[in-house]
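One structure below.
Residue numbers (this note's numbering): 162 to 408.
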């Protein structure tokens, strides 16, 4: 079992020591880097209170005001990067660390561990379907009934539409509240997909917004259709069981 250092001890970790725990990523595809990074942030946030505090301290702050985050995030940044990409890494790391502790523990169980013996490259991971933020909002609506907390369809639609209309700065400002709301409801976030979307927002916001909205409406309406089909089947079964009515 890994011993969790105290916050004071964690704050003394140097960037070189942090980098030593990160697998070699030279030449790795962008999707692989994003996934390894977000999984590692989930793991270190769950296991190290000091690291979680440092990461969470950067929520809604600009890159010049996140000194405590650098030792954890900087070693993961691609060598060739724009400021938008850099900012996306910091924002996603802060949002992961800001999750409720119960949600963070659940995320850790679903994450793949990126730790490998020194000098070894990560083995190819099984392909999985990446999901957009639109899918997460739809899940909050379709799986909400029966939970202790739920998100109304109108609320989800309004929040999602607000996000799609934002500039880069606006998205960084509004995204943490919406993501925090989703995680408080127990809705999973595809962190590596959201990282890539956030990094590419300036140039591809139209395409990303379209994907979010299409995924939201398709997922939401698909669930409604399934519920209607089940209701029809239940009604038909009840009629069959009761037999023909007498004239």
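Built from N, CA and C at the ideal position, the CB exists for glycine as well.
When DSSP labels each residue in this structure, what does residue i get in the three-state scheme?
i	result
residue 261	coil
residue 304	coil
residue 369	helix
residue 312	coil
residue 349	coil
residue 209	coil
residue 222	coil
residue 239	coil
residue 203	helix
residue 292	coil
residue 328	coil
residue 322	helix
residue 227	coil
residue 379	helix
Out of the options, which has the shortest C-alpha to C-alpha gap to residue i?
i	options	result
residue 314	291, 298 and 240	298
residue 293	324, 225 and 263	324
residue 379	316, 296, 398 and 353	296
residue 219	345, 232 and 208	232
residue 345	335, 376, 263 and 397	263
residue 221	251, 373 and 196	251
residue 375	194, 395 and 318	318
residue 316	245, 194 and 377	377
residue 225	247, 241, 337 and 261	247
residue 333	241, 245, 373 and 240	245
residue 366	322, 401 and 227	322
residue 195	358, 396 and 394	358
residue 210	261, 371 and 336	261
Between residue i and residue j, how many whole angstroms is the CB-CB distance? I'm expecting something under 8 Å.
i	j	result
residue 229	residue 215	4 Å
residue 212	residue 265	In fact, because the Cβ distance is near 12 Å, the residues do not count as touching under 8 Å.
residue 259	residue 341	6 Å
residue 217	residue 255	6 Å
One question on the structure: do residue i and residue j come within less than 7 Å of each other, judged by their Cβ atoms?
i	j	result
residue 257	residue 356	no
residue 204	residue 291	no
residue 303	residue 381	yes
residue 339	residue 368	no
**OP:** Determine contact between the region 348-363 and the region 328-338, defined as no fewer than three beta-carbon pairs at a distance below 8 Å.
**Re:** yes
**OP:** Report yes or no: do three or more beta-carbon pairs, one from the region 231-243 and one from the region 337-355, lie closer than 8 Å?
**Re:** no
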